Amino acid sequence: MLADRRGGFTLVELLVVITIIGILISLLLPAVQSAREAARRAQCQNHLKQLGLAMLLHDEAHGFLPGGGWAYDWSGDPDRGTGMEQPGGWTYNVLPYVEQEALYQLGSDGQPDVITSGQKTETLQRAQTPVSVFVCPTRRRPQVYAKSVPRPAHHNGLQVTKAAVVDYAANAGSYFQGGYCSWEGNLGGPDSIAAAPSYTWESTCKLAEANGISYVRSEVSMAMLRDGSSNTYLLGEKLLNPDHYLDGGDLGDDDDPFTGCSADTYRWCEYSSTTGAGRVPRQDRPGVTDYWSFGSAHSGAGNFALCDGSVRPIAYSIDPRIHSLLGNRKDGQPIDASGL
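For the record, in the sequence shown the residue sitting at position 231 is 254 according to this note's numbering, with numbers rising by one throughout.
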């Protein structure tokens, strides 16, 4: 009678199989990650498409693109219309056009010249309500994040210690207006609604030199885009320090997402013809903070919406001058597409 001999794996064979599986996983993992990032980039582009369309719908409804409000000491007010008297910026003004009318109306009390305690409470509630279309999926989730250095309370709101976030910024132009409404002087707009009519908007915010599509108290119509809608930035992704994605430690990400013109929701395309240097878009890098520039968590290029409603990637290697021209709605200079 033959002995009962059953087949099986030797230890060496088992180790070989495990090694082969490990190699296959290591080969497949980058492809999976690449596919996921491609999907996230496409979703990010779709968000910009929706936001760009919302801004164009605002122009159709009111005759001008969403304005920049009254700078960073103010949040949106549903009782103050959509033009120069509206303290909130573009993120607030597009809410009705991204199916967020209820969010837009928070704080409405029927008294445009009075700030009530109820209005302040609901303004904070709005600041703490995430809106998915404002968030790049490569960077983070649409949720409320703590602010590691809480800002003082807004004139028409309460102190923000945690808030929703925005990963997209409006094009404030190629001329750097001393920050947003004179950051150097720490001037975030008038101290009260009553003080607004006599506030020194022109000199403080250097409005005469502004050439973007949205900035402090702007009312820029499509007819004012002298360079053409296809040659002018509308919106883009903003540069952020990855060390502070989740804690608001970057000064371009530390506030109520529905304030007036600030580095949280506006960026610039400054360029110096003397030095040839400028604020070009860059990929987010740990330890790098620049809250005036556009940028992105994506590799190779960041996404931008143009004023014709199209969305396209803009390479980080773009010529600084070309980037500046795309940020200026009225420079009258031709753009060499090979420089994009």
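Using N, Cα and C, we set each Cβ at its ideal position, and we do this for glycine too. Values in this document were obtained by computation on a predicted structure and should not be read as measured data.
Exposed is the label assigned to residue 223, since fewer than 16 other Cβ atoms lie within 10 Å of its Cβ. The three-state reading of DSSP puts residue 216 in coil, since its state is none of H, G, I, E or B. In the structure shown, residue 117 adopts coil according to DSSP, grouped into three states.
In the structure shown, residue 129 falls within a coil segment according to DSSP collapsed to helix, strand and coil. Nearest C-alpha to residue 260 among 330, 50, 70 and 175: 70. For the 9 Å CB-CB criterion, residue 197 and residue 294 form a contact. Here residue 186 has 150, 151, 167, 168, 170, 271, 278, 279 and 280 as same chain residues with Cβ atoms under 8 Å from its own Cβ, once five neighbours each way along the sequence are excluded.
In its chain, beyond the 5 residues on either side, 82, 86, 87 and 88 have a beta carbon closer than 8 Å to the beta carbon of residue 244.
Assigned with DSSP and collapsed to three states, residue 319 falls in strand.
Cβ-Cβ distances below 8 Å link residue 74 to 117, 121, 156, 157, 191, 258 and 328 in the same chain, with the five nearest sequence neighbours on each side left out; the list follows chain order.
Only residues of its own chain outside the window of five on either side were considered, and among them 60, 63, 64, 67, 320 and 321 have a CB closer than 7 Å to the CB of residue 161, listed in chain order. Closest option to residue 287, judged by alpha-carbon separation, among 124, 332, 95 and 177: 95. With fewer than three CB-CB distances shorter than 8 Å, the stretch 232–242 does not count as touching the stretch 124–134. Its chain contains 252 and 253 as the residues whose beta carbon lies nearer than 6 Å to that of residue 331, once the 5 sequence neighbours on both sides are disregarded; these appear in chain order. Cβ-Cβ distances below 7 Å link residue 142 to 130, 132 and 179 in the same chain, with the five nearest sequence neighbours on each side left out; the list follows chain order. Leaving aside the five residues that flank residue 163 on each side, the residues in its chain whose CB is nearer than 6 Å to its CB run, in chain order, 268. Bounds of the alpha helix (DSSP H) holding residue 345 are 343–350.
Where residue 141 is concerned, the enclosing alpha helix (DSSP H) starts and stops at 140–150. In the structure shown, residue 260 falls within a strand segment according to DSSP collapsed to helix, strand and coil.
Between the beta-carbon of residue 110 and that of residue 283 there is about 5 Å, and that keeps the pair under the 8 Å contact cut.
Residue 307 and residue 340 have their C-alpha atoms roughly 14 Å apart.
Rounded to the nearest whole angstrom, the CA to CA distance from residue 358 to residue 250 is 10 Å. Contact between residue 195 and residue 235 is confirmed by a C-beta separation of about 4 Å, below the 8 Å threshold. Under the three-state reduction of DSSP output, residue 329 falls in the strand class. Per DSSP, the unbroken beta strand (DSSP E) holding residue 334 starts and ends at 334–338.
In the structure shown, residue 301 falls within a strand segment according to DSSP collapsed to helix, strand and coil.
Check the Cα spacing between residue 183 and each of 147, 77 and 79: the tightest is with 147. The three-state reading of DSSP puts residue 42 in helix, counting H, G and I together. For a cut-off of 8 Å, the C-beta gap from residue 264 to residue 310 is around 7 Å, short enough to register as a contact. Its chain contains 354, 356 and 358 as the residues whose beta carbon lies nearer than 6 Å to that of residue 348, once the 5 sequence neighbours on both sides are disregarded; these appear in chain order.
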